[in-house]
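Right, one structure below, let's go through it.
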Amino acid sequence: MSGINDYIDNEVKGNDVVLFMKGTPGFPQCGFSGQVVQILDYIGADYKGVDVLTSAELRQGIKEYSNWPTIPQLYVKGEFVGGCDIVREMFQAGELQTFLVEKGVSVKGAA
């Protein structure tokens, strides 16, 4: 299992914002992944989408990595933020943009 764990670790730590999702940012394969993509696109955050549908090992691996049972999963600067509900709630409360800016991630309309 360590190979997939290393891969996940690498993606999480090597990119400022990573979304492990079903499908790709251009073509999400589930509604929840699509919602997070829409939010990230809307706030203009630069992120990398990782398609978990390409590998069952990756799908299982990310759940174990984060100890979180569902996908999508959003990571910012190596830190697990949450899934669709958490991202949506943070966005609606205006906290997501603030969080990203505080982490040094540039977003649209932020100073």
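Number 43 in UniProt numbering belongs to position 43 of the sequence shown; there are no gaps in the numbering. Even for Gly, the Cβ is constructed at its ideal location relative to N, Cα and C. What you are looking at is a predicted structure, and each value in this text was computed from that prediction instead of being measured.
Cβ-based burial, residue i [other Cβ within 10 Å; buried from 16]
| i | result |
| --- | --- |
| A56 | exposed |
| Y75 | buried |
| S33 | buried |
| L65 | In the sequence on display, residue 65 carries Tyr and not Leu. Buried. |
| Q73 | buried |
| Q60 | exposed |
| Q29 | exposed |
| F20 | buried |
Proximity winner among the options, relative to residue i (alpha-carbon distances)
| i | options | result |
| --- | --- | --- |
| P69 | G94, G83, Y42 | G83 |
| G49 | D16, S66, T98 | D16 |
| T24 | Q38, D51, E89, V18 | D51 |
| Q35 | K103, G104, D85, N10 | D85 |
Residue j beta carbon less than 8 Å from that of residue i
| i | j | result |
| --- | --- | --- |
| G94 | K13 | no |
| V18 | Y47 | yes |
| I39 | L100 | no |
Contact test: residue i Cβ vs the ligand MN heavy atom, cutoff 7 Å
| i | result |
| --- | --- |
| D85 | Absence of the ligand MN from the depicted structure is noted, as is the absence of any ligand whatsoever, leaving it without description. |
Margin query: My parser needs the alpha helix (DSSP H) runs of 4 or more residues fully inside the UniProt domain "Glutaredoxin" (17-81); what are they?
Written below: 31-43, 56-66
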